[in-house]
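Undergrad: Below is a structure I'd like to ask you about.
2 protein chains.
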Amino acid sequence: MDREPRSDVPLGRRMPNASTRIVIADRNVITRVGLRSILERNPGFAVIAEATSYDAVIDAVDEHGPDVLIIDLDLGDDTTRGLKVVEEVTDRYPTTKVLVLANTLSEMIVVEALRRGANGYLCKDDVKADELGKGIKAIQDGETVLGKGVGNLVAHSLGSTRQTEHLTDREIDVIKQVAKGLSTKQIAVAMFISESTIKFHLQNASRKLGAHRRAEIVHRAAAAGLL
Amino acid sequence: MDREPRSDVPLGRRMPNASTRIVIADRNVITRVGLRSILERNPGFAVIAEATSYDAVIDAVDEHGPDVLIIDLDLGDDTTRGLKVVEEVTDRYPTTKVLVLANTLSEMIVVEALRRGANGYLCKDDVKADELGKGIKAIQDGETVLGKGVGNLVAHSLGSTRQTEHLTDREIDVIKQVAKGLSTKQIAVAMFISESTIKFHLQNASRKLGAHRRAEIVHRAAAAGLL
DNA sequence: TAACGACCTAGCCAAATGGCTAGGTAACGG
DNA sequence: CCGTTACCTAGCCATTTGGCTAGGTCGTTA
Numbered sequence: 000m001d002r003e004p005r006s007d008v009p010l011g012r013r014m015p016n017a018s019t020r021i022v023i024a025d026r027n028v029i030t031r032v033g034l035r036s037i038l039e040r041n042p043g044f045a046v047i048a049e050a051t052s053y054d055a056v057i058d059a060v061d062e063h064g065p066d067v068l069i070i071d072l073d074l075g076d077d078t079t080r081g082l083k084v085v086e087e088v089t090d091r092y093p094t095t096k097v098l099v100l101a102n103t104l105s106e107m108i109v110v111e112a113l114r115r116g117a118n119g120y121l122c123k124d125d126v127k128a129d130e131l132g133k134g135i136k137a138i139q140d141g142e143t144v145l146g147k148g149v150g151n152l153v154a155h156s157l158g159s160t161r162q163t164e165h166l167t168d169r170e171i172d173v174i175k176q177v178a179k180g181l182s183t184k185q186i187a188v189a190m191f192i193s194e195s196t197i198k199f200h201l202q203n204a205s206r207k208l209g210a211h212r213r214a215e216i217v218h219r220a221a222a223a224g225l226l
Numbered sequence: 000m001d002r003e004p005r006s007d008v009p010l011g012r013r014m015p016n017a018s019t020r021i022v023i024a025d026r027n028v029i030t031r032v033g034l035r036s037i038l039e040r041n042p043g044f045a046v047i048a049e050a051t052s053y054d055a056v057i058d059a060v061d062e063h064g065p066d067v068l069i070i071d072l073d074l075g076d077d078t079t080r081g082l083k084v085v086e087e088v089t090d091r092y093p094t095t096k097v098l099v100l101a102n103t104l105s106e107m108i109v110v111e112a113l114r115r116g117a118n119g120y121l122c123k124d125d126v127k128a129d130e131l132g133k134g135i136k137a138i139q140d141g142e143t144v145l146g147k148g149v150g151n152l153v154a155h156s157l158g159s160t161r162q163t164e165h166l167t168d169r170e171i172d173v174i175k176q177v178a179k180g181l182s183t184k185q186i187a188v189a190m191f192i193s194e195s196t197i198k199f200h201l202q203n204a205s206r207k208l209g210a211h212r213r214a215e216i217v218h219r220a221a222a223a224g225l226l
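Taken in sequence, the protein lines are chains A and B. In terms of numbering that gives the first Met the number 0, the first sequence opens at residue 0 and continues consecutively. In terms of numbering that gives the first Met the number 0, the second sequence opens at residue 0 and continues consecutively.
Right, here's the structure in full:
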C-alpha cells in the first residue's frame, strides 16, 4: 500500500503513445471536420469515428468504446432523443466520458444532460480552440466542464427545487402549431381534438417550461431545440 | 499530351498557382477550421483570411480583395448587420462573390441577402462536404447557388408581391420582451412607454413578418436570428 | 390489481390580445 | 419645403388567452 501513496493515477493506466480515443457526433460536416482538425493538432487525441444520427452514435460507441464522446444533442428533429443517447452511453459505458457541444443554451437541456451523466457542456459559439483540448483533459481527470454561461444556468436551476420535466410528444405538437400562429380553435381543427385539450396541453407545457404566455412557451421550446 | 490525359482544366486558363482566394467570416472557431480544412483539400482554393466580427469582415475584404467571401450573417446579436455587410461588399467589390452560410433558414433573411447581392445561400446543416467546392466554383462561373430548401423559400416569396420590410430596432426590443413572456403592461413599464406604443410596434411587426399572433412573431423573429 | 403517465374533455371568468381608427413629434434627405 | 421614416399615444371592441377545477380513457409498469 505504501508503495503507492498517490495511486489515483496508477502507472501504466495510460500506455505510452496511448491516445485519447474520441467519437464525434454532429450532423454538420463542417463542424465534424473542424473538430477533428482542432483535436488532432494534439497528438494525444485521436478521432476514431464520426456519427450523424442517434443510432449511429450508439453503434459507434458500441463498436469503439471510446474514451470520449463529443456530441451535439440535436442530431435530428428531437433533442430529447439526444438526451436519451447521453443517458444510454453513460449507463452502459461508465468509462466513456460525454462532452455535449451545443448550438444554443437552454437551461432545461443543460440540466437534463448533466443529470443524465454528461461530463461537460460547451456552447459552440463561445468555445475557443484551445478550450476543447483542455476541456477534454479536464473531463478525463474526472472534472465536469461547463462553458461560458453554462455554469450560471446550472447554478440558477440548483436554486429552484423544481426538477426538469420534459414535454410530451403531444405538447410539442401543440406548441408547433402555436408557433405557426394558429389560435386554439384553429389548432383544435387541425389536430382533430377539442379546444379544451389544446389548452390543457399548453397549460402543462407552461408549467414544465416555467412560462406564462404562449410566446414564451414557443421561445423556450425553440431555444431547447424542440421545434 | 499523354502525359496529361485529364486536361479538363485547360492549361493556362488559370494561372499556375492561381487559387481562388477566400475569406471566411464566422464567429465559430470550429466552423472556421472546418471550412478551411474542407476547402483546402482542393489546391485551387486558398483561405487567406478569417473574420469574426462585422468590422473585421469589411477590413479583411478591404485588405485582401478576395474572390469569394463565405459569411455567416449572424456575427453578433444582429443579423441585420450581416445583411448590411453583404450589401457593402457587393457594392464596393463587384468582383468579390458572396456566399452566405447560415445556421437557420428564414425566408426574410434569404430574400434580403439575395436582394442585396449575395451569390449563394447554403444552410450549414444541410451542406455536404463536396457541395462547398462545387458551389464556390459555380458562383465564380456566375451562377447563383441555393442550398436544399432555400430555392423553395425564394420561389415562395417571388409569388407574393409583398417586399420584405425589416423590423426597426424598437420593434425588435419589444419582441424580445414578448419572448420573455411579459405582458403588454409589463413591457410598457420595463420600457418606460405606454401600452399603446407596445401594441403599435407589435402591430407593425406583425404586418412585416406576416404574423397574426405574438407567438408567431417571436418564432419568426427568432428564426431570422433577430433575438 | 393498483398506480402511473399520457392523453382527452368541459366549463368558468378575468385578463390579455388582435385589429382597427386617428392622432402626435423629431430627424433626415431630396 | 416636403415627403419619408421611426417613434410615440389614445380609445374601441370582439376574440383569445391564462388559470382554474373537475372529470374521463387507455396502456404500461410495479
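Just so it is clear, CB atoms sit at the ideal spot from N, CA and C, and this is done for glycine as well.
Look up Leu38 of chain A in the DSSP assignment and say whether it is helix, strand or coil.
TA: Position 39 of the first sequence, counted from the first residue, corresponds to residue 38 of chain A. Helix.
Undergrad: State the CB to CB distance for the pair Leu227 of chain B and Ala24 of chain B, rounded to an integer number of angstroms; the pair is presumed to be in contact (CB under 8 angstroms).
TA: Since the first and last residues shown for chain B are 0 and 226, residue 227 of chain B lies out of range.
Undergrad: Hey, quick one: how far does the alpha helix (DSSP H) through Arg213 of chain B stretch, first residue to last?
TA: For the purposes of this step, residue 213 of chain B is taken as the residue at position 214 of the second sequence. Its alpha helix (DSSP H) spans residues 213 to 222.
Undergrad: Can Thr95 of chain B and Gly64 of chain B be called in contact, C-beta distance under 8 angstroms?
TA: For the purposes of this step, residue 95 of chain B is taken as residue 96 along the second sequence, with counting starting at 1. For the purposes of this step, residue 64 of chain B is taken as residue 65 along the second sequence, with counting starting at 1. Yes.
Undergrad: Along chain B, in chain order, which residues have C-beta atoms closer than 8 angstroms to that of Asp124 of chain A?
TA: Position 125 of the first sequence, counted from the first residue, corresponds to residue 124 of chain A. Within chain B, the residues near Asp124 of chain A are Arg26, Asn27.
Undergrad: Could you confirm whether any beta carbon from chain B is found closer than 8 angstroms to the beta carbon of Val56 of chain A?
TA: Counting from 1 along the first sequence, the entry for residue 56 of chain A is found at position 57. So, not an interface residue.
Undergrad: Run through the segment 164 to 210 of chain B for me and flag every whole beta strand (DSSP E) of 3 or more residues, listed as ranges in chain order.
TA: You should have found no qualifying run.
Undergrad: Going by C-alpha to C-alpha distance, which of A:Asp61, A:Ala128, A:Ala112, A:Phe191 sits closest to Thr79 of chain A?
TA: Position 80 of the first sequence, counting from 1, holds the residue named residue 79 of chain A. The shortest C-alpha separation from Thr79 of chain A is found at A:Ala112.
Undergrad: Determine whether the Cβ of His155 of chain B lies closer than 8 angstroms to any Cβ atom of chain A.
TA: Against the second sequence, residue 155 of chain B aligns to sequence position 156. With 8 angstroms as the cut-off, His155 of chain B does not count as an interface residue toward chain A.
Undergrad: Pick from B:Asp73, B:Phe191, B:Thr183, B:Leu98: whose alpha carbon is nearest that of Lys202 of chain B?
TA: For the purposes of this step, residue 202 of chain B is identified with residue 203 of the second sequence, where counting begins at 1. Reading the sequence as shown, one finds Gln at residue 202 of chain B and not Lys. For Gln202 of chain B, the nearest C-alpha among the options comes from B:Thr183.
Undergrad: Measure from the alpha carbon of Leu38 of chain B to the alpha carbon of each residue in B:Ile135, B:Asp172, B:His200, then state which is nearest.
TA: Position 39 of the second sequence, counted from the first residue, corresponds to residue 38 of chain B. Closest option to Leu38 of chain B, Cα to Cα, is B:Ile135.
Undergrad: Start and end of the alpha helix (DSSP H) containing Gly81 of chain A?
TA: Taking the first sequence and counting its residues from 1, one reaches residue 81 of chain A at position 82. Segment 78 to 91, the alpha helix (DSSP H) holding Gly81 of chain A.
Undergrad: When the Cα of Val88 of chain B is compared with those of B:Phe199, B:Asn118, B:Val144, B:Thr103, which residue comes out closest?
TA: Here residue 88 of chain B refers to the residue found at position 89 when the second sequence is read from its first residue. Ranking the options by Cα distance to Val88 of chain B, first place goes to B:Asn118.
Undergrad: Could you compute how far the alpha carbon of Arg114 of chain B sits from the alpha carbon of Val149 of chain B?
TA: For this step, residue 114 of chain B is matched to residue 115 along the second sequence. For this step, residue 149 of chain B is matched to residue 150 along the second sequence. Looking at the two C-alpha atoms, the distance is approximately 14 angstroms.
Undergrad: Establish whether the CB of Ala187 of chain B and some CB of chain A are separated by less than 8 angstroms.
TA: Position 188 of the second sequence holds residue 187 of chain B. By this cut-off, Ala187 of chain B is not an interface position.
Undergrad: Using a Cβ-Cβ cutoff of less than 7 angstroms, which residues in the same chain neighbour Val126 of chain A once the five nearest sequence positions on both sides are dropped?
TA: In the first sequence, the residue the question calls residue 126 of chain A occupies position 127. Cβ neighbours of Val126 of chain A beyond the five flanking positions: Gly146.
Undergrad: List the residues of chain A whose Cβ lies closer than 8 angstroms to the Cβ of Ile37 of chain B, in chain order.
TA: Within the second sequence, the letter at position 38 stands for residue 37 of chain B. Residues of chain A passing the Cβ test: Val28, Ile29, Val32.
Undergrad: CA-CA distance, Ile108 of chain A and Ile57 of chain B?
TA: One-based indexing of the first sequence puts residue 108 of chain A at position 109. One-based indexing of the second sequence puts residue 57 of chain B at position 58. Approximately 36 angstroms between the Cα atoms of the pair.
Undergrad: Given a cut-off of 8 angstroms on the beta-carbon distance, is the pair Leu72 of chain A and Val46 of chain A in contact?
TA: Here the question's residue 72 of chain A lines up with position 73 in the first sequence. Here the question's residue 46 of chain A lines up with position 47 in the first sequence. Not in contact: Leu72 of chain A and Val46 of chain A (Cβ atoms no closer than 8 angstroms).
Undergrad: Using DSSP's beta-bridge definition, name the partner residues of Lys96 of chain B.
TA: Against the second sequence, residue 96 of chain B aligns to sequence position 97. The partner list for Lys96 of chain B (beta bridge, DSSP) reads B:Val67.
Undergrad: Quick check: the Cα distance between Ala187 of chain A and Asp61 of chain B, rounded to an integer number of angstroms?
TA: As a first step, residue 187 of chain A is located in the first sequence; it is residue number 188 there, counting from the start. As a first step, residue 61 of chain B is located in the second sequence; it is residue number 62 there, counting from the start. If you take the alpha carbons of Ala187 of chain A and Asp61 of chain B, they lie about 55 angstroms apart.
Undergrad: Interface residues of chain A around Lys127 of chain B at Cβ under 8 angstroms?
TA: For the purposes of this step, residue 127 of chain B is taken as residue 128 along the second sequence, with counting starting at 1. Residues of chain A passing the Cβ test: Val28.
Undergrad: Apart from the five residues on each side of it in sequence, which residues of its chain come closer than 8 angstroms, Cβ to Cβ, to Pro42 of chain A?
TA: As a working mapping, residue 42 of chain A is identified with position 43 in the first sequence. Ser18, listed in sequence order.
Undergrad: Nearest-angstrom Cα distance between Thr196 of chain A and Arg213 of chain A?
TA: By 1-based counting over the first sequence, the position of residue 196 of chain A is 197. By 1-based counting over the first sequence, the position of residue 213 of chain A is 214. About 15 angstroms.
Undergrad: Indicate the three-state DSSP secondary structure (helix, strand or coil) for Thr143 of chain B in the structure shown.
TA: Locating residue 143 of chain B in the second sequence gives position 144, counting from the first residue. Note: Thr143 of chain B maps to coil in three-state DSSP.
Undergrad: Please go through the same chain and pick out, in chain order, the residues whose beta-carbon is closer than 7 angstroms to the beta-carbon of Arg31 of chain B, but skip the five residues on each side of it.
TA: Counting from 1 along the second sequence, the entry for residue 31 of chain B is found at position 32. Taken in chain order, the residues that qualify are Ile23, Asp25, Glu49.
Undergrad: Determine, for Glu194 of chain B, whether the minimum Cβ-Cβ distance to residues of chain A falls below 8 angstroms.
TA: Stepping through the second sequence from its first residue, residue 194 of chain B is reached at position 195. No, Glu194 of chain B does not count as interfacial toward chain A.
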